[in-house]
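K.L.:
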Amino acid sequence: MIKRSFWTKVLGVFLIGGLLLGTGSLALAAGGKMGIGQDQMVNQGMGRGIDLEEKWGSILEKLVSRSLITSEQAETLKDLAAEKMKERQEFRKNMKAMMLEERQKARKERREEKDPLLSDAVEKGIITSEQAENIMQAMREEREKERKQEIQDKLAELVAKGTITQEQADKLLAKIEEEMEKRQADMAKRATMTAEEWREYIKNREKPNVLQNVLDAGVITIDQAKEVSKAIRLPGGKGMMKRGNGNNCPFNQR
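Residue 245 in the working numbering sits at position 199 of the sequence shown, with consecutive numbering throughout.
So, in structure tokens, the structure goes:
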């Protein structure tokens, strides 16, 4: 059994700080494939306003129960994370005594030199690259599960207020789930591509725009779409909140 109280402290450092993985890929596969990179982890949103203790503890326990990692590996990961947390705390303590320019330089050097948790664990033979992939996949699944529940709750609130009907909420949810599935498929594709191939793929693929799609289909009105966009951050990056989606956002068009 993994001690969850530990992960409350550790994951606040490594998930929010983006230190589970490095700035590049976990380990470039043969042919220069991307593998799992830090940006993929950050995009899953783990560590943003969630119960890190419960979520991360649950993830590791599930992996142990599925025999994807051993309890010994989980404990070793815990010890490794503790070391890195101590290093992080010491770094932050030293930063307080620095001038602004010195802090900026120190941060830059640390970004270049840091030895992230999972990539370090792979290099030290604690876990395999495949097991690191399993951990990241479990994180994605947990985040998607949480995100879906958040969206369902927000849609229910909009229905209760009379902003949209239950039928409209159901159609919106179906479209959102469709986009989530596409996103998962994209992440699977990414692991097989080089950085250049991925950039080209992103450049040419259709940009997700849930509200524009349901507007075009006549599911909701423009006024309803505005209310939905205020309540929910939809799949597809910036979505259609105040930051908008550039010229693709119907609210930005004159």
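Backbone N, C-alpha and C fix where the C-beta goes; we use that ideal spot for every residue, glycine too. Quick caveat: nothing in here was measured; it's all calculated off a predicted structure.
Straight-line CA distance for VAL256 to LYS276?
P.N.:
Along the sequence shown, one-based indexing puts residue 256 at 210. Along the sequence shown, one-based indexing puts residue 276 at 230. When rounded, the distance between both Cα atoms is 14 Å.
K.L.:
Taking the straight line between their C-alpha atoms, what separation do you get for LEU218 and ARG245?
P.N.:
As a working mapping, residue 218 is identified with position 172 in the sequence shown. As a working mapping, residue 245 is identified with position 199 in the sequence shown. C-alpha separation (whole angstroms): 29 Å.
K.L.:
In whole angstroms, give me the CA-to-CA distance for ILE278 and ALA231.
P.N.:
As a position in the sequence shown, residue 278 is number 232, starting the count at 1. As a position in the sequence shown, residue 231 is number 185, starting the count at 1. When rounded, the distance between both Cα atoms is 22 Å.
K.L.:
So, are the CB atoms of LYS108 and ALA167 less than 8 Å apart?
P.N.:
Within the sequence shown, residue 108 is the residue found at index 62, counting from 1. Within the sequence shown, residue 167 is the residue found at index 121, counting from 1. Not in contact: LYS108 and ALA167 (Cβ atoms no closer than 8 Å).
K.L.:
Mind checking LEU126: buried by the 16 CB within 10 Å criterion, or exposed?
P.N.:
On the sequence shown, residue 126 is found 80 positions in, with the first residue counted as 1. LEU126 comes out buried.
K.L.:
Is ARG186 buried or exposed, if buried means 16 or more other CB atoms sit within 10 Å of its CB?
P.N.:
For the purposes of this step, residue 186 is identified with residue 140 of the sequence shown, where counting begins at 1. The residue is buried, with at least 16 neighbouring Cβ atoms inside 10 Å.
K.L.:
For LYS253, report the span of its alpha helix (DSSP H) as first-last.
P.N.:
Position 207 of the sequence shown, counted from the start, is the residue given in the question as residue 253. Neither: LYS253 is in no alpha helix (DSSP H) and is coded neither H nor E.
K.L.:
Which class does THR238 belong to by DSSP, given the choice of helix, strand or coil?
P.N.:
Against the sequence shown, residue 238 aligns to sequence position 192. Of the three classes helix, strand and coil, the one that applies to THR238 here is coil, per DSSP.
K.L.:
Only counting the same chain, and skipping five residues up and downstream in sequence, which positions put a Cβ closer than 6 Å to that of VAL205?
P.N.:
As a working mapping, residue 205 is identified with position 159 in the sequence shown. Contacts found: GLN212 and ALA215.
K.L.:
Distance, Cα to Cα, GLY208 vs GLU224?
P.N.:
The residue you call residue 208 lines up with position 162 of the sequence shown. The residue you call residue 224 lines up with position 178 of the sequence shown. Spanning the two alpha carbons is a distance of roughly 25 Å.
K.L.:
What's the call for MET144, buried or exposed, on a 16-neighbour Cβ count within 10 Å?
P.N.:
In the sequence shown, counting from the first residue as 1, residue 144 sits at position 98. Flag for MET144 reads exposed.
K.L.:
Measuring alpha carbon to alpha carbon, tell me which residue in GLN150, ILE115, GLU192 and GLN135 is nearest LEU164.
P.N.:
Start at 1 with the first residue of the sequence shown, and residue 164 comes out as number 118. Of GLN150, ILE115, GLU192 and GLN135, the residue nearest in Cα terms is ILE115.
K.L.:
Quick one: using the 10 Å Cβ neighbour count with 16 as the cut-off for buried, is LYS151 buried or exposed?
P.N.:
Against the sequence shown, residue 151 aligns to sequence position 105. LYS151 should be labelled exposed.
K.L.:
Name the residue from SER175, LYS154 and ILE222 whose alpha carbon lies nearest to the alpha carbon of GLN195.
P.N.:
Residue numbering aside, residue 195 sits at position 149 when the sequence shown is read from its first letter. Per the Cα distances, ILE222.
K.L.:
Take GLU121 as the anchor and find which of SER113, LYS132, LYS130 and LEU106 has the nearest alpha-carbon.
P.N.:
Here residue 121 refers to the residue found at position 75 when the sequence shown is read from its first residue. It is LEU106.
K.L.:
Note the first and the last residue of the continuous alpha helix (DSSP H) segment covering LYS132.
P.N.:
In the sequence shown, residue 132 corresponds to position 86, counting from 1. Here the alpha helix (DSSP H) through LYS132 covers 117-141.
K.L.:
What's the C-alpha gap between LEU98 and SER104?
P.N.:
Position 52 of the sequence shown holds residue 98. Position 58 of the sequence shown holds residue 104. With a pLDDT of only 49 at LEU98, under the threshold of 50, the placement of this residue in the model should not be trusted; the figure read from the coordinates follows. Whole-angstrom Cα-Cα distance: 10 Å.
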